[in-house]
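Undergrad: The sequence shown lines up with residues 215 to 735 when you count with my numbering. Glycine included, each C-beta is placed from N, C-alpha and C at the ideal position.
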Amino acid sequence: MIGIDIGTTSTKTLAYGTDGRIFSEIEKEYPLYSSIPSEKEQNPEEVYSAVIETIRDTVKVLQEQGVEATGAGFSSAMHNIMAVDENGKPLTRLITWADQRSVKETEALKEGNGHDIFMRTGTPIHPMSPLTKLMWYRKNEPALFKQAAKWISIKEFVFYRLFGTYAVDYSVASATGLFHLENLDWDDEALRTAGITKEQLSVPTKTSSIFTGLKEELQQELGLSGETPFVIGASDGVLANVGSGALAPGVVACSIGTSGAVRTVVDKPYVDPKQRIFCYALSEGRWVIGGPINNGGIALRWARDKLFPDLKKLAEQEGKNPYDVLNEIIDSVAPASDGLIFLPYLIGERAPFWNSDTKGMFFGLTLHHGREHMLRSVMEGVMMQMYSVVIALMEAGVEPVQFRAGGGFARSQTWKQMMADMFETEIVIPESHQGSCYGAAWMAMDALGIVDSLDSIEQTISIDEKQYPVNENVTAYRDIKPIFLRMARDLQDEFKAISDVQRSHAEGKRRLSADNEEEIL
């Protein structure tokens with residue numbers, strides 16, 4: 215079974231057996247366009263080409279091994295949106311989750327009917343949401359907004375190209391801010407707020423829905439027959455839980471890559487009145503609640519580059535991997551960084567605050583602290599932010615029985631030990647099967663009756679290792695966690711104030727630059 219994960223920076227396509235064996239693994243990257251800092255866009259044609267190329271090349275590899283492609287399942291990034299005309303031709307680039315252009319619309323929605331919409335849709339009111347992006351287009355691009363025949367996500371664009379029909383799975387739909395979780399249909403008030411109609415959106419369908427009738431010209435290009443079943447699948451976040459085997463009650467999946475996320479599966483929709491966590495559809499009787507954080511590995515990379523620009527040279531001199539040297543530096547500092555705390559909000563933050571104005575900060579600096587303390591405190595700040603999402607889940611009634619860790623950070627012993635110490639519990643690291651891809655393939659196997667159930671995926675996932683907390687470290691973190699959590703909560707007004715100052719100064723620099731240019735001309 216082929217699993218396709220249409221991500222923000224690349225498309226990964228893998229082929230799996232029912233035992234979890236990987237027959238093929240192919241990845242195709244594409245650029246992220248940003249003409250101004252707040253915009254994060256992609257060319258949908260480049261993404262579509264990556265999907266086609268990776269499927270085609272995967273089928274070729276399978277054929278060379280004498281293995282048949284039984285079908286395909288799809289995963290895709292959430293919160294992206296684009297406009298197409300009546301012929302399905304793109305009118306805009308694909309606006310990704312990271313795009314921040316709709317900050318003002320988000321603030322207006324929070325002050326208006328945003329809470330009511332959130333309580334029905336489960337999508338936090340934030341610039342990532344397609345709802346606020348539609349509000350932005352309605353205000354700033356009225357001609358284009360009126361011209362748009364459909365507003366769709368990248369997976370919908372791909373499926374339209376493959377089958378000539380507009381369909382959106384419940385999972386991707388539930389991450390738009392436009393989808394009523396209980397009714398499993400578009401929310402009327404959210405549509406009115408966005409200024410669009412149901413006819414401008416795709417038809418919502420189950421994540422297990424099967425599509426056949428691949429267009430004839432694509433059959434030859436992909437090496438697949440028209441009867442090959444394509445299962446529409448779900449979004450990457452919820453499928454990552456499937457791919458890691460985190461489906462049972464109380465099993466919490468935690469991942470840190472560039473960003474991070476904490477998620478668990480529940481049996482019915484749950485929407486947090488405090489708007490700290492999301493609720494997205496997975497499959498019938500399964501919903502995923504949790505929260506993403508913006509600042510994961512990207513914060514550590516910032517600290518590495520700014521505090522240790524000589525790291526690469528130092529590693530070369532010692533004949534070591536730069537990341538091994540980085541971990542050695544971090545491990546040279548005691549847990550809790552001698553009382554130095556870092557708020558890791560370098561690019562705003564999502565869960566549990568959903569505030570794009572949050573800012574990074576070192577707190578507790580003394581003459582004793584060096585850059586090695588700052589480096590470790592950055593890593594600890596990321597982990598404490600993850601822990602704050604766990605707290606929100608527990609307050610929502612989740613009783614964690616196991617934490618499963620994945621993502622790039624699971625390759626670092628330092629990261630894993632820090633999580634065990636911070637969370638004060640055993641951390642399980644399952645064997646990697648490329649999470650969302652494997653989840654998409656297994657969901658397709660389940661939909662096609664090839665496997666017994668979605669839950670049976672756990673039988674194919676072995677546990678690579680377990681990380682246990684160290685009592686001394688646990689005690690050190692207990693001293694600083696409450697301080698971190700209070701600061702993060704109580705400084706929200708100050709974050710807004712300094713953001714206003716930064717925006718004002720940036721605007722002043724732009725005006726000065728424009729005046730100087732005019733004078734030169």
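For F637, which residues of its own chain have a beta-carbon under 8 Å away from its beta-carbon, when the five flanking residues on both sides are left out?
TA: Same-chain partners within the cutoff: Y601, V604, F617, P683.
Undergrad: Tell me the rounded alpha-carbon separation between Q599 and F709.
TA: Roughly 16 Å between the two C-alpha positions.
Undergrad: Over the uninterrupted beta strand (DSSP E) stretch that includes T337, give me the two end residues.
TA: Looking at the DSSP string, T337 is not in any beta strand (DSSP E), and its letter there is neither H nor E.
Undergrad: So, does the CB of S423 fall closer than 8 Å to a CB anywhere in chain B?
TA: Looking at the structure shown, chain B is missing, and only one protein chain is on hand.
Undergrad: Give the range of the beta strand (DSSP E) segment to which W501 is assigned.
TA: Run containing W501: 500-507, per the beta strand (DSSP E) assignment.
Undergrad: In terms of DSSP beta bridges, what is D744 paired with?
TA: For residue 744 there is no data in the structure shown, the boundaries of the chain being 215 and 735.
Undergrad: Please go through the region 467-539 and give each complete alpha helix (DSSP H) segment of 4 or more residues, from N-terminal end onward.
TA: Listed in chain order, the complete alpha helix (DSSP H) runs (minimum 4 residues) inside the region 467-539 are 511-521, 525-532.
Undergrad: Exposed or buried, what is K364 when buried is set at 16 or more other beta-carbons lying within 10 Å of its beta-carbon?
TA: Burial call: buried.
Undergrad: For the structure I just gave you, are there three or more beta carbon pairs, one from the region 291-306 and one from the region 447-455, closer than 8 Å?
TA: Short answer: they touch.
Undergrad: Does DSSP put G465 in a helix, in a strand, or in coil?
TA: The sequence shown places Val at residue 465, not Gly. The answer is strand: DSSP assigns V465 an E or B state.
Undergrad: Rounded to a whole number of angstroms, what is the C-alpha to C-alpha distance between N535 and K526?
TA: Those two C-alpha atoms are separated by around 8 Å.
Undergrad: Using only the alpha-carbon positions, how far apart do R490 and S497 sit?
TA: Answer to the nearest angstrom: the Cα atoms are 23 Å apart.
Undergrad: Between A381 and L392, how many whole angstroms is the CB-CB distance? I'm expecting something under 8 Å.
TA: At roughly 15 Å, the Cβ-Cβ gap does not stay under 8 Å, so A381 and L392 are not in contact.
Undergrad: Which residue wins for smallest C-alpha separation from A690, given the options G578, R703, S551?
TA: Here the closest residue by C-alpha is S551.
Undergrad: Once DSSP output is grouped into helix, strand and coil, what is the label at N569?
TA: If DSSP states are grouped into helix, strand and coil, N569 belongs with the strands.
Undergrad: One question on the structure: do G440 and T426 come within less than 8 Å of each other, judged by their Cβ atoms?
TA: In this structure, T426 lies closer than 8 Å to G440 by Cβ.
Undergrad: Per DSSP, which residues does W656 bridge with? Please list them.
TA: According to DSSP, which records beta bridges pairwise, W656 is partnered with nothing at all.
Undergrad: Please classify A357: is it buried, with 16 or more other beta-carbons within 10 angstroms of its beta-carbon, or exposed?
TA: Exposed: under 16 other Cβ atoms inside 10 Å.
Undergrad: Which parts of the region 684-717 are runs of the alpha helix (DSSP H), unbroken and 4 residues or longer, counting only runs that do not cross its ends?
TA: As far as the region 684-717 is concerned, its whole alpha helix (DSSP H) runs of at least 4 residues are 685-704.
Undergrad: Could you say which of A467, F492, E530, K242 lies nearest to S646 if we only look at CA atoms?
TA: S646 has its Cα closest to that of A467, out of A467, F492, E530, K242.
Undergrad: Would you say T272 and M215 are within 8 Å of each other, going by their C-beta atoms?
TA: No.
Undergrad: Residue ranges of each beta strand (DSSP E) run of no fewer than 3 residues wholly in the region 248-320, ordered along the chain?
TA: 286-290, 296-298, all fully within the region 248-320.
Undergrad: Go ahead and pull the three-state DSSP assignment for I216.
TA: It is a strand residue.
Undergrad: Which residue's Cα is closest to the Cα of L668: V456, P344, D704?
TA: Out of V456, P344, D704, V456 has the C-alpha closest to the C-alpha of L668.
Undergrad: What does a CB cutoff of less than 7 Å around E243 pick up in its chain, not counting 5 residues either side in sequence?
TA: T223, S224.
Undergrad: Excluding the 5 residues flanking K412 on each side, which residues of the same chain have their C-beta closer than 6 Å to its C-beta?
TA: Within the same chain, K412 has close Cβ partners W400.
Undergrad: With a 10 Å radius around its C-beta and 16 neighbouring C-beta atoms as the bar for buried, classify V665 as buried or exposed.
TA: Counting Cβ neighbours within 10 Å, V665 comes out buried, since at least 16 surround it.
Undergrad: Determine the burial state of I250: buried for a count of at least 16 other Cβ atoms within 10 Å of its Cβ, exposed for fewer.
TA: Exposed is the call here.
Undergrad: According to DSSP, which residues form a beta bridge with A448?
TA: A448 is bridged to S289.
Undergrad: In the DSSP assignment, find the unbroken beta strand (DSSP E) run with D678 in it and report its ends.
TA: It spans 677-681 - the beta strand (DSSP E) in which D678 sits, taken as one unbroken run.
Undergrad: Following the continuous alpha helix (DSSP H) through Q433, name the residue where it begins and the one where it ends.
TA: It spans 430-436 - the alpha helix (DSSP H) in which Q433 sits, taken as one unbroken run.
Undergrad: Taking the alpha carbon of G621 as the point to measure from, which residue in G474, G653, I236 has its own alpha carbon closest?
TA: Ranking the options by Cα distance to G621, first place goes to G474.
Undergrad: Pick helix, strand or coil for Q616, following the three-state DSSP scheme.
TA: If DSSP states are grouped into helix, strand and coil, Q616 belongs with the strands.
Undergrad: Once you ignore the five residues that flank T310 on each side, which residues in its own chain have a CB closer than 8 Å to its CB?
TA: So the list reads T222, L246, K254, E255, Q256, A291, H293, N294, once near-sequence residues are dropped.
Undergrad: Would you give the residue range spanned by the alpha helix (DSSP H) that Y179 belongs to?
TA: No answer is possible for residue 179: it lies beyond the span of the chain, which begins at 215 and ends at 735.
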